[in-house]
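Engineer:
2 protein chains.
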Amino acid sequence: MTSPSSSSPLRLGIAGLGTVGAGVIRLLHANADLLHARTGRTIEVVAVSARDRTRDRGVDVSGLRWYDNALDLVSDPDVDVVVELIGGAEGPARALVEAALKAGKPVVTANKALVALHGSALARLSADNAAPLLFEAAVAGGIPAIKTVREGLAADRLLRVGGILNGTCNYILTVMRETGQDFASVLKDAQDLGYAEADPTTDVDGLDAAHKLTILAGLAFGRPVAFDSVHVEGIRHIGADDLAFARQLGYRIKLLGLARMTDDGLQARVTPCLVPQHAPLAQVDGVFNAVVAEGEFVGRIMVEGRGAGAGPTASAVTADLVDLARGQAITLWGVQSGTVEPVRACPISVGEAAFYLRLRVEDRPGVIADITAVLRDCGVSLRSMLQHPADSETAPHVPLVLVTHRTSEAAMQAAIAQIDALSVVTDTPVMIRIEAA
Amino acid sequence: MTSPSSSSPLRLGIAGLGTVGAGVIRLLHANADLLHARTGRTIEVVAVSARDRTRDRGVDVSGLRWYDNALDLVSDPDVDVVVELIGGAEGPARALVEAALKAGKPVVTANKALVALHGSALARLSADNAAPLLFEAAVAGGIPAIKTVREGLAADRLLRVGGILNGTCNYILTVMRETGQDFASVLKDAQDLGYAEADPTTDVDGLDAAHKLTILAGLAFGRPVAFDSVHVEGIRHIGADDLAFARQLGYRIKLLGLARMTDDGLQARVTPCLVPQHAPLAQVDGVFNAVVAEGEFVGRIMVEGRGAGAGPTASAVTADLVDLARGQAITLWGVQSGTVEPVRACPISVGEAAFYLRLRVEDRPGVIADITAVLRDCGVSLRSMLQHPADSETAPHVPLVLVTHRTSEAAMQAAIAQIDALSVVTDTPVMIRIEAA
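Note that the protein sequences, when read in sequence, are chains A and B. Under UniProt numbering, think of the first position of the first sequence as 1, with each following residue one higher. Under UniProt numbering, think of the first position of the second sequence as 1, with each following residue one higher.
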């Protein structure tokens, strides 16, 4: 048991030499002694595949076999493990991973979109060919989130899983709160700093977090989760004043991905949430990620760390390689094949929560009466209200913030539709769930 | 790879049926379906050993083989795995674990003292007999701390590891801060609530945290750490006013176990520390534990959760059983045998930190001059000072709080000795390290 499956070198073929690929090569070099001590083997790169042979990546790739076509890594008999760092749910990344698994070669990947969208088919390929597919780096960067959920909490029935899964959104919301700047200007700064992509859609519209939540939920509940069953909202509609109002009410706003197992199936959603300001998740700021899981026996666990970047991601990719070198590998969803059937999804309109509701309304008598009448008629009861006097910039439109008691999401949706239709309501209402987190 | 090593049942012999033992039996029963799905095997208890056959433990043990002598579990051919939940570094627990390993039977234990004091010898026994020894529950209860450090961060060179490792101390310090009560009265309440033992020594004097730190450091640095090389202080000397002063200065006081690898060897200490109030560790309150690790590539990771209790501990014990059932097991310190040699310890007087110093002094002119002259002569420079007017209760003795800039621990120790000798200083000085955490 305690010896690795082999003492021969573990030989890698790496596809994709961006920041993460270069980071993995750097880590393997810097920590070669330590990796040997921990696995009893050397872990060495023998071949790579990337587009540009001449680009300076800050690491020496001169002695390595170079393939223009990543698929050639699969047929190279010297490659024991394929490391896929190309990215993207389709195209060359998918083709490479499928080919490697079919050839019985273990794969390590950081590709969240691929696993989120094709996890079910990949799990079958992996099992059928006895080729492990490891993807620790796909969720929350350097945080060992996959290992925590699939192995560390493997004894417990998990009730929910999720957390702060996108560092770009968390950074933007943190800076908006701290500086009072609006979304667009903070996004611009984040792009300049390299914390947001030129095309920020995947991050700020919640898709990246949804990919990660899909994977985490699949692991927590031992079954593939259909990506399109995850309800996804981003943060573009959050105003700087929402962050200020939330603070006044004792909350912070975080983009959370949360999946809960209910009696009616799995509810998975990525949405901005109000979180009590003293809750552990509320303290996780900037580019940091945090994964929470709650189990019947273990209670609540939270892991926080760097969710992106060359170093943390390289650490996660290489931790998977250490597992392989040590002869450790388990099935994709952490269950024995045969028991895998897709999880039933529950509509997000089922269930209750308290809500924050921010409106912009005309500043004249009777407006509050009109709005609260709609809420009453929909069965939504109010816990508190903030109203700010008009200032010169926004008058005659003023913000009106309402916080509800726990109410059904369906009732809330009905109320919002009617409120939005009121002529005194001048902007689309913003509704944010309140999560105990 | 993806199938377990066997599909036959994994049969357990459990020694010790206290709250944790009963919790494990309850969990195995409650989650039997899920454990089977995750491992492809049933995990069943076939035999137990405990002192009192008649005690009501809230679980049904009537169908199980009962041994008065725990060692009989080892010779029972139906027992595949010995689960040691007796506790204690010596006596029956140690004898049982050694006998099981010698017989080639895997062992799962929650016994931190045993692993901390005898880890080196047990690692050899485990390797020599190809019998895994797993102890996830020994550190930080339900938090998968062992797995995080030994596997999740296995790719990185760790610079430090530690955290809030004793829930009793964290609970006491939290309540002292929140209520202003002194140590003795909060301890009494904690004992009444079951958060502290009748004999609280192991917890409040830091030994329990030191056991856990010894284990974590061994895993982080891949070598056994001598328990007596860990510097240990408890929390008895912390006054309610220290918590109040810390708060005024922007800090909280936490009992931290921290091990750092330095150029001169390993520094490991369990001491109360001042932690900036917005640092993640400062937010971990009550009976919660948190483990931090910092690596060159991964940066800083923190995991928090419940550090004790039947449910969380049973979750950790059973996670080890899931690993065994899945055919996963690695060497005790996470390195291949042969490379294991004890880590070199560095005296804690080596190195620098900022310090909080709380004195009680006579309330008369010239006192501050006398004290600051000592600090100056020892090369300790001050960053800030709090002095409170005498009140009727304490006069003519008043507290004087000094915060230093970074300075060597040796200089600080020299200064404290001289200050303690001053006739105007009426109580033993309290010196607390400031950690960035």
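We put the beta carbon where it would ideally sit given N, CA and C, even for glycine. Just so you know, these numbers come straight off a predicted model, no measurement behind them.
So is Q328 of chain A in contact with chain B if we call contact Cβ pairs under 8 Å?
Structural biologist: yes
Engineer: M1 of chain B CB to nearest chain A CB: under 8 Å?
Structural biologist: Below a pLDDT of 50, predicted positions are generally treated as unreliable, and M1 of chain B, at 42, falls in that range; the measurement from the model is reported next regardless. Yes, because at least one Cβ of chain A sits closer than 8 Å to the Cβ of M1 of chain B.
Engineer: Specify, as a first and last residue, the run of the alpha helix (DSSP H) that D409 of chain B falls within.
Structural biologist: Note that residue 409 of chain B corresponds to Glu in the displayed sequence, not to Asp. Taken as a continuous stretch (DSSP letters only), the alpha helix (DSSP H) holding E409 of chain B covers E409 to A421.
Engineer: Report yes if the CB atom of L219 of chain A is closer than 8 Å to the CB atom of G257 of chain A, and no otherwise.
Structural biologist: The Cβ-Cβ distance between L219 of chain A and G257 of chain A does not fall below 8 Å.
Engineer: Could you check what DSSP says for E197 of chain A in three-state terms: helix, strand or coil?
Structural biologist: coil
Engineer: At 3 residues or longer, and completely inside the stretch 227-311 of chain B: list those beta strand (DSSP E) runs for me, N to C.
Structural biologist: 251-262, 265-276, 288-295 and 299-306
Engineer: How do the stretch 65-80 of chain B and the stretch 95-109 of chain B stand: do at least 3 beta-carbon pairs fall below 8 Å, yes or no?
Structural biologist: yes
Engineer: According to the neighbour-count rule (16 or more other Cβ atoms, all chains shown, within 10 Å of its Cβ), is D80 of chain A buried or exposed?
Structural biologist: buried
Engineer: Counting only beta-carbon atoms, is R57 of chain A nearer than 8 Å to chain B?
Structural biologist: no
Engineer: Counting only Cβ pairs nearer than 8 Å, list the residues of chain B close to S8 of chain A.
Structural biologist: Result: empty, since nearest Cβ-Cβ is about 14 Å, beyond 8 Å.
Engineer: I need the straight-line Cα distance from Q413 of chain B to T407 of chain B, nearest angstrom please.
Structural biologist: 11 Å
Engineer: Can you list the residues of chain B that S315 of chain A reaches, using a CB-CB cut of under 8 Å?
Structural biologist: L153, A155, D156, G295, F297 and V298
Engineer: What are the start and end residues of the alpha helix (DSSP H) that includes residue 445 of chain B?
Structural biologist: Residue numbering for chain B in the displayed model covers 1 to 437; residue 445 of chain B lies beyond these limits and cannot be assessed.
Engineer: Quick check on the burial criterion: 16 or more other C-beta atoms within 10 angstroms. Buried or exposed for S126 of chain B?
Structural biologist: buried
Engineer: Spatial neighbours of F135 of chain B within its chain, please: CB distance less than 8 Å, with the 5 preceding and 5 following residues excluded, ordered by chain position.
Structural biologist: V108, T109, A110, N111, K112, V115, I146, I215 and D320
Engineer: Does the distance from the C-beta atom of A279 of chain A to that of Q267 of chain A stay below 8 Å?
Structural biologist: no
Engineer: Where V303 of chain B and V291 of chain B are concerned, what is the direct C-alpha to C-alpha distance, given to the nearest angstrom?
Structural biologist: 5 Å
Engineer: Determine the direct distance from the alpha carbon of R326 of chain A to that of G40 of chain A, and round the result to whole angstroms.
Structural biologist: The alpha-carbon atoms of G40 of chain A and R326 of chain A are separated by roughly 8 Å.
Engineer: Are any of the Cβ atoms in chain B nearer than 8 Å to that of G276 of chain A?
Structural biologist: Gly is not the amino acid found at residue 276 of chain A; the sequence shown has Pro there. Not closer than 8 Å to any Cβ of chain B, the Cβ of P276 of chain A fails to qualify, so no.
Engineer: Between which two residues does the alpha helix (DSSP H) holding H36 of chain B run?
Structural biologist: Counting along the chain, the alpha helix (DSSP H) containing H36 of chain B begins and ends at A32 to T39.
Engineer: Could you list the residues in the stretch 23-42 of chain A with a C-beta less than 8 Å from some C-beta on chain B, going in chain order?
Structural biologist: G23, L27, A30, N31, L34, L35, A37, R38, T39 and G40
Engineer: Quick one: which chain A residues come within Cβ less than 9 Å of R177 of chain B?
Structural biologist: Within chain A, no residue comes near R177 of chain B; the closest Cβ sits about 14 Å away, beyond 9 Å.
Engineer: Suppose only complete runs of 3+ residues qualify. What are the beta strand (DSSP E) ranges in the stretch 319-404 of chain A, listed by chain order?
Structural biologist: 352-362, 382-387 and 397-404
Engineer: For my contact list, A32 of chain A and T19 of chain A are in at a C-beta cut-off of 8 Å; report their separation, rounded to the angstrom.
Structural biologist: Contact between A32 of chain A and T19 of chain A fails: their C-beta atoms lie close to 21 Å from each other, not under 8 Å.
Engineer: How would you label M385 of chain A, buried or exposed, when you count the other beta carbons within 10 angstroms and need 16 or more for buried?
Structural biologist: exposed
Engineer: Among B:G307, B:R300, B:G309 and B:A314, which has the Cα closest to the Cα of G309 of chain A?
Structural biologist: Looking from the CA of G309 of chain A, the closest CA among B:G307, B:R300, B:G309 and B:A314 belongs to B:R300.
Engineer: Is it the case that the Cβ atoms of Q191 of chain A and A184 of chain A are separated by a distance below 8 Å?
Structural biologist: No, they are not a contact pair.
Engineer: How many angstroms separate the CA atom of K254 of chain A from the CA atom of V24 of chain B?
Structural biologist: 36 Å
Engineer: Per DSSP, L10 of chain B is paired with what?
Structural biologist: B:I43
Engineer: Name the one or two DSSP bridge partners that A50 of chain A has.
Structural biologist: DSSP lists no partner for A50 of chain A.
Engineer: Our contact map puts G142 of chain A next to D182 of chain A with C-beta atoms below 8 Å; I'd like the distance itself, whole angstroms only.
Structural biologist: Contact flag wrong, Cβ pair sits at about 31 Å.
Engineer: Thinking just about the alpha-carbon of each residue, which of B:G286, B:D285 and B:L281 is nearest to the one in V284 of chain A?
Structural biologist: The alpha carbon of V284 of chain A has as its nearest neighbour, out of B:G286, B:D285 and B:L281, the alpha carbon of B:L281.
Engineer: Starting from I432 of chain B, follow its DSSP beta bridges and name the residues at the other end.
Structural biologist: B:Y356
Engineer: Measure from the alpha carbon of A209 of chain A to the alpha carbon of each residue in A:L12, A:D156 and A:I235, then state which is nearest.
Structural biologist: A:I235
Engineer: Give the residues of chain B in contact with D205 of chain A, contact being defined as C-beta atoms less than 7 Å apart.
Structural biologist: Per Cβ cutoff of 7 Å: no residues; D205 of chain A is ~27 Å from chain B at best.
Engineer: Please check if any C-beta of chain A sits within less than 8 Å of the C-beta of R252 of chain B.
Structural biologist: no
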